[in-house]
Ligand SMILES: [Zn+2]
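In my numbering, the protein residues as written are 1440 to 1544.
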């Protein structure tokens, strides 16, 4: 069974994977030469894989720096950057997520 933070990380991985796939497609078509973004996403993807492997890892809020408990109940992951130019994913604690983005629908 996945607990909540693992589910959050898996959701982040899905976003990273699709973003990476799109960036690589764009790169192949010569639409972008933004290797830094690609490298950043790949690094983050490896990091998230590591976090998933290490069951004790806590999430850190991108806004207030607070660390989650093991379950990370209510924590949320958000894609950063513009549409078509995603540059990463940020994790927010429930309080900051509500402050920044409002209640989840
Ligand atoms: Zn926070």
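Positions of the beta carbon are idealized from the N, C-alpha and C atoms, including for glycine.
Look at the Cβ atom of residue 1462, then the Cβ atom of residue 1480, and state whether they are nearer than 8 angstroms. Residue 1462 places its beta carbon less than 8 angstroms from that of residue 1480.
Under 8 angstroms between C-beta atoms of residue 1516 and residue 1447: Their beta carbons are under 8 angstroms apart, which means residue 1516 touches residue 1447 by this criterion.
May I ask you to report which of helix, strand or coil DSSP gives residue 1511? In this structure, residue 1511 counts as coil in the three-state DSSP scheme.
Among 1498, 1452, 1443 and 1502, which has the Cα closest to the Cα of residue 1538? Looking at the Cα atoms, 1502 is the closest of the given residues.
Cβ-based burial, residue 1458 [other Cβ within 10 Å; buried from 16]: Of the other Cβ atoms in all chains shown, 16 or more fall within 10 Å of the Cβ of residue 1458; this residue is therefore buried.
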